[in-house]
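> Sharing a structure, written as structure tokens. Questions coming.
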Amino acid sequence: MLQLLVAGLTVGSEYGLIALGIHIILRATRVVNFAQGEFTIVGGLVALTCVDVLHLNMWFALAGATLAGFALGLAFEIVVLRPAGRTGEAGVTIATIGAVFVLLYGHALVPGWGSNPQPLPGFGGPATGSVELAGATVQVQSLWVFALLIAALAVLYLFFERTYFGKAIRAAAENPLGARLIGIDVNSTRAVSVALGIALAAYGGTIIGPITLVGGAAGFALTIKGFVAAIVGGLESPIGCVAGGLVVGVLQVFLQSRLPYDIADPIVYSVLLVMLLVRPQGLFGRRDAVRD
Amino acid sequence: MNQISVGQAGFFGIGAYSVGYLTVDRGWSFWVAAPVGIVLATAIGIGLGLIALRFRGHYLAMATLAFGLIAAGVFHAAPFLGHASGITGIAYPQAGPLTISGHAAYWFAWSVAFGAAVLSLNLLRGRTGRAFEAIRNDELAAEAIGIPTRRYKILAFAYSGALAAAGGATFAAFLGLVNPDAVGIALSVDFLLMVVLGGGGLVSGALFGAALIGYLNVVGHQYDNWREVGYGAVVVLCVTFAPGGVLGTLRRFAFAGARSVRSAPRTVVTPRTAPAAVRVRPAEPLAVRGVTKRFGGLVALDDVSFVLRPATLTSLIGPNGAGKTTLFNAICGIGGVTSGRIAVAGVDVTGWQAHRVAALGVGRTFQNARLFAEMTVFENVVAAATDNGRVTFASDLLATPGSRRAEREAAERARAIIARLRLEHLADVFAKDLAFGDRRRVEVARALASDPWLLLVDEPAAGLNQDERERLNDDLLALRDAGTTLLLIEHDMKLVMAISQRVIVMEFGRVIADGDPASVRNDPRVIAAYLGTAT
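In the order they appear, the protein sequences are chains A and B.
Going by the numbering used here, the first residue of the first sequence is number 1170, and it counts up by one from there.
Going by the numbering used here, the first residue of the second sequence is number 403, and it counts up by one from there.
Next up, the structure:
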């Protein structure tokens, strides 16, 4: 039982980070990024390259993947989202689906990445170590995932609440015109928001890498789990997105332990529809956030 | 309607699996199984449409995505659908002695596609298409001219579901098999790709895109990965640089201005007298009784009552925030009321949806002139001249003589109204390109096109110059003399005093004076409301 819970919270951490990235990008640009999961995959693969080719340890690999995610996010905003944004909301959403194709099939063409999932070493030791905790066997890497999730949330909190730039991003997201009028460069706050969202995806893909392998074609499924998480917790609420991720992770693991895989996943997806019908603002959102 | 569905593969799968299951496991004929699949998909499309009514934008896209995923999950999990391996050995359909396989199957698939395209073109060219276009441009304004927007949205889901199911049924018969991977979310993405490449918003574009992707999938077989990367890049480029897709962009270059031909009358139009005068006029076009409207703690309307007499022009004045526009909205069925009753032409319309109130004979203009920006002036007026009360799906789909006649009549009515308001020279201009003053007059024309008894005009003179004001003045008086009852919100006192027979003054949601212009002008409470009291 506890073992399942820990396993659920572990994958849920990844979903939560993906959902949070989707939330940050949506807030800043009004775009739902369908490519979020693909960036998670690419982030994990960058970490793989750091380890395999550059012979760095996992900590540097994590930093490298996150920075690469940030850079990719900047490029994504400037090359894809910004130009496509001039043609309207539906257009940008479709452009992010185009980006899914490029990333999904493109990453398989990169030497050393390929289309099959590959293992990463663990943080602070081998990926397979486990400890006894309250009578259950828990992977050490799961504990690292929780610690790294909390660290990321703390950094984000400080950034958005305490720094000038973080506040500027929030202001620009709230009211772009007003922000412009008081001298905030909305173009750059948008670019940085998207970059942060993508960096989070890459970070999430790396911290869970030792447990789930990195690479492969699962990116779109990750995006969808991120959507489910965001809708469960509340698309407009950052805390909700993370909490939603954990809920979805736990739900998924419990369902998979009882039911065949091909039945468990559709049930998780139907949670999306049920939540949209029953409580579209999510567990943590406010009612008026829905009709945008 | 400018909304993207990411779940079309679900409907495609319903069509394909219906044919698979019913022909293989039940031994039905393809010709029965396929229609059953299409009907099933239509029904589910209606259900999804009902759900989708509650959402916009992102939430809608996610709801359709969830539908596609759940459908894929059901195909995977349902024991009688063969799990991951799907259903194989689907027989080719028989048409009499002919087995539809090989070349015949190509012809069959093409005729299905062609038939669907013809029907869709009929639909989109006619009243239904114009209603879709109007809703896409401005949902609220569409309701205000009597278009039942909710019904049309559901219709769009149901119809696209049926189309996808027809495609799926053909696909299953053609390949002889169906499995969950073939109808998964990847297929939905492929569909989107086809539409974007070919040209969103164009039937020919969607078909062209489908042919192009289908061809590339076959030809580019050995370039796996590179091919898909190319698709993705082209989608991004397409969205950015050629939002009309391949065909849409070609069409823009090749037939620039082709659209302008449409408003030219084919027959000589005899300007008709105002139709409202001919009809039996209700004795009481509008009765407002004790209407109160609260927004949270704020009382926007406080026990407002009045009755309008037919063929009169009444002005509603009052300081900003007095509740004038809120009252208009309440009458039109936008937003509802907290208590009180509203009757139009003797019919209690309290709590009705806006399009039903409009269909009863209430036209309105908005404070900020909400025209359908991407439609021409003529199309704006035709949209309202159409009998929007009925959704004429079947007759539009088949382009029956009745449907075409109704189209011609609506066009004629629109031309007559445009002529009456002397707007002929603007008929082919897109609404977004109009000058401000013209925009207001076109809005009046659109409101008149549905032939209302009661016309609510919200600040028509704001931002108009002296010439335009005089013309507006004449237009409104001519309307009144033709038998229309007018209720006017206006701040221009000179205009109000010159043309109104009655003036109702509101302040803080309450009626503080009601009478002929002279007595209202001298009412001490009105003077106090406008100038403040000397204390």
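The C-beta atom is built at its ideal place from N, Cα and C for all residues, glycine as well.
Because the structure is a prediction, the values reported are computed rather than measured.
Beta carbon of Leu888 of chain B, beta carbon of Thr716 of chain B: below 9 Å?
Yes, Cβ-Cβ distance for Leu888 of chain B and Thr716 of chain B is below 9 Å.
> Roughly how many angstroms lie between the CA atoms of Pro673 of chain B and Phe697 of chain B, to the nearest whole one?
Annotation note: pLDDT 37 at Pro673 of chain B (below 50); position unreliable, coordinate value reported separately. When rounded, the distance between both Cα atoms is 46 Å.
> Let's see if you can read the secondary structure: which residues bound the alpha helix (DSSP H) around Phe1239 of chain A?
Start and end: Met1227 to Phe1245.
> Hey, would you say Gly1233 of chain A sits closer than 9 Å to Ala1253 of chain A, going by beta carbons?
Not closer than 9 Å, so no.
> Checking contacts by CB at 9 Å: is Ala474 of chain B closer than that to chain A?
Chain A, which has a Cβ nearer than 9 Å to the Cβ of Ala474 of chain B, makes this yes.
> CA-CA distance, Ala1390 of chain A and Leu1223 of chain A?
Cα-Cα distance, rounded: 30 Å.
> Please list, in chain order, the chain D residues whose beta carbon lies closer than 7 Å to that of Met596 of chain B.
Of the protein chains in this structure, namely A and B, none is chain D.
> For the beta strand (DSSP E) holding Glu1258 of chain A, just list the boundary residues, first then last.
It is not in any beta strand (DSSP E) - Glu1258 of chain A instead sits in the alpha helix (DSSP H) that spans Glu1258 to Gly1275.
> Gly1291 of chain A and Val1309 of chain A: beta carbons closer than 9 Å?
Contact: yes.
> Check this for me: beta carbons of Ile891 of chain B and Ile733 of chain B, under 9 Å apart or not?
Cβ distance not < 9 Å, so Ile891 of chain B and Ile733 of chain B don't count as in contact.
> Restricting to runs no shorter than 3 residues, where is the beta strand (DSSP E) found entirely within the segment 830 to 864 of chain B?
Runs found: 856 to 860.
> Are the CB atoms of Ala454 of chain B and Phe559 of chain B within a distance shorter than 9 Å?
Cβ atoms of Phe559 of chain B and Ala454 of chain B: closer than 9 Å.
> Following the continuous alpha helix (DSSP H) through Met1444 of chain A, name the residue where it begins and the one where it ends.
Tyr1430 to Val1447 is the span of the alpha helix (DSSP H), which, as asked, contains Met1444 of chain A.
> Strictly under 9 Å for the Cβ-Cβ distance: is Arg1155 of chain A near chain B by that measure?
Residue 1155 of chain A falls outside the range modelled here, since chain A spans only 1170 to 1461, and no answer is possible.
> Using the three-state DSSP reduction, which class does Gln1310 of chain A fall into: helix, strand or coil?
Helix, per DSSP.
> So, with DSSP's three-state summary, where would you put Ile943 of chain B?
In this structure chain B extends from 403 to 937, so residue 943 of chain B is not present and cannot be described.
> Select from B:Arg552, B:Thr767, B:Leu542 and B:Gly498 the residue whose C-alpha is nearest the C-alpha of Arg456 of chain B.
Answer by Cα proximity: B:Arg552.
> Is Gly1454 of chain A close to chain B? Criterion is C-beta to C-beta, closer than 9 Å.
False, the Cβ-Cβ gap to chain B never drops below 9 Å.
> State the CB to CB distance for the pair Ile547 of chain B and Ala760 of chain B, rounded to an integer number of angstroms; the pair is presumed to be in contact (CB under 8 Å).
Right, their Cβ atoms sit about 6 Å apart.
> For Ala411 of chain B, name the three-state secondary structure that DSSP assigns.
Ala411 of chain B falls in the helix class under three-state DSSP.
> Going by CA-CA distance only, name the one from B:Ala771, B:Leu424, B:Arg711 and B:Leu523 that's closest to Ala574 of chain B.
Considering only alpha carbons, the answer is B:Leu424.
> What three-state label does DSSP hand Asp592 of chain B in the structure shown?
Reduced to three states, the DSSP call for Asp592 of chain B is helix.
> Just to confirm, are Thr466 of chain B and Val408 of chain B a CB contact at a threshold of 9 Å?
Yes, these two residues count as a Cβ contact at 9 Å.
> Is the beta carbon of Val898 of chain B closer than 9 Å to that of Gly917 of chain B?
It is not a contact, given that the beta carbons lie outside the stated cut-off.
> Chain B beta carbons: is any one of them nearer than 9 Å to that of Leu1241 of chain A?
Not one chain B Cβ lies under 9 Å of Leu1241 of chain A.
> May I ask you to verify whether the segment 478 to 492 of chain B touches the segment 575 to 582 of chain B, counting CB pairs closer than 8 Å and requiring at least 3?
Contact between the segment 478 to 492 of chain B and the segment 575 to 582 of chain B is present, because at least three Cβ pairs lie under 8 Å.
> Could you have a look at Arg393 of chain B and say whether DSSP puts it in helix, strand or coil?
Within the shown structure, residues of chain B are numbered from 403 to 937, placing residue 393 of chain B beyond reach of any answer.
> Under the three-state reduction of DSSP, which class applies to Ile492 of chain B: helix, strand or coil?
Residue state, collapsed to three classes: coil.
> Only counting runs of 4 or more residues, tell me where the alpha helix (DSSP H) segments fall wholly within the segment 1282 to 1366 of chain A, in order along the chain.
If we require 4 residues or more, the alpha helix (DSSP H) runs fully inside the segment 1282 to 1366 of chain A come out as 1309 to 1331, 1333 to 1343 and 1345 to 1350.
> Between Phe730 of chain B and Arg766 of chain B, which are expected to be in contact by the criterion C-beta below 8 Å, what is the C-beta distance as a whole number of angstroms?
Between Arg766 of chain B and Phe730 of chain B the Cβ distance is about 6 Å, and since that is below 8 Å, they are a contact.
> When the Cα atoms are used, what is the spatial distance from Leu609 of chain B to Met596 of chain B?
Cα-Cα distance, rounded: 8 Å.
> With DSSP as the reference, label Phe774 of chain B as helix, strand or coil.
DSSP places Phe774 of chain B in coil when its eight states are reduced to three.
> Output needed for Pro437 of chain B: all residues of its chain with C-beta closer than 6 Å, excluding positions within five of it in sequence on either side, in chain order.
Hits under 6 Å: none found.
> Between which two residues does the beta strand (DSSP E) containing Val706 of chain B stretch?
Per DSSP, Val706 of chain B belongs to the beta strand (DSSP E) from Leu700 to Leu710.
> Residues of chain B with CB closer than 8 Å to the CB of Leu1442 of chain A, please, in chain order.
Near Leu1442 of chain A (Cβ distances below 8 Å), the residues of chain B are Ile453, Ala465, Ala468, Phe469 and Ile472.
> Tell me, please, whether the segment 1380 to 1397 of chain A touches the segment 1324 to 1337 of chain A by the rule of three or more beta-carbon pairs shorter than 8 Å.
They do not touch, by the three-pair rule.
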